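Numbering (the working numbering), first residue to last: 33 to 278.
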């Protein structure tokens, strides 16, 4: 479900989270959390070096093997790091958009800012938001989709507060948006990626897929031999991976 997006618009794909905005599973979740989204775009040789570095850092007891606890601990730490950085970025984005400093970001503030980032002047952006006729078709459609998602998240027509802004940009954090897409058990695992159970599940899956000698642990050779599980054998286009941080 990773698709091409317009700069500044809301993508379907979100890096580092197990669910896409449309409720589909994010197939690159392992790659993005273990080594980060930027690393996915590097060459295979560079990715091998990255995996080696990750292995050394995650191998706490330095026995040249990753057991379930070590891998689980590493994944959990990376997920928490991702979410903390994302929340921080979301705060600064919100503050920069709240130009009248009323604690809410209006649809006009957000939409105009998005158009300015695309090269429109402030005057052109303000006019275009009120009348979409002069905009390219794809941009017009994206704005209408964003507007619908915006007012779905809003409790006050005047604008979104910082929590609603997070829900707008990352609907996977909204229980309401997921109730019809996943089971209660999946909500536990996917809607709260910082839950230790989630990290354990991911670690178990990686070991199951890469553990060639079935000793319940991963050697560096096993990790490198199945590098596509951790990295993905196909480089992901940068444009398809751009996302709005939390």
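We treat Cβ as the ideally placed atom computed from N, Cα and C, and that holds for glycine.
This structure is a prediction, so every number in the text was calculated from the model and none was measured.
Contact annotation: residue 179 and residue 157 have beta-carbon atoms that are not nearer than 9 Å.
For residue 234, the closest of 81, 88, 152, 99 by C-alpha to C-alpha distance is 99. Residue 194 is positioned such that its CB atom lies no closer than 9 Å to that of residue 87. Across the structure, residue 262 and residue 198 are spaced so that their CA atoms are roughly 28 Å apart. The C-alpha of residue 93 lies about 18 Å from the C-alpha of residue 108. Secondary structure of residue 171 (DSSP, three-state): helix. Judged by their CB atoms, residue 129 and residue 137 are nearer to each other than the 9 Å cut-off. Of the residues assessed, residue 133 falls on the exposed side of the cut-off, its CB having fewer than 16 other CB atoms within 10 angstroms.
Close CB contacts of residue 254 within its chain, under the 7 Å cut and outside five residues either way in sequence, are with 242, 243, 244 (chain order).
By the beta-carbon neighbour count (other beta carbons within 10 angstroms, threshold 16), residue 201 is buried. In this structure, residue 171 lies near residue 150, with their beta-carbon atoms less than 9 Å apart. In its chain, beyond the 5 residues on either side, no residue has a beta carbon closer than 6 Å to the beta carbon of residue 120. Of 228, 252, 139, 110, the smallest CA-CA separation from residue 184 is found for 139. Assignment of beta-bridge partners to residue 137 by DSSP yields 192.
A straight-line Cα-Cα distance of about 5 Å links residue 232 and residue 104.
Here DSSP, grouped into helix, strand and coil, assigns residue 98 to strand. Apart from the 5 residues on each side of it in sequence, residue 126 sits with its Cβ closer than 8 Å to the Cβ of 137, 194, 197 in its chain, given in chain order.
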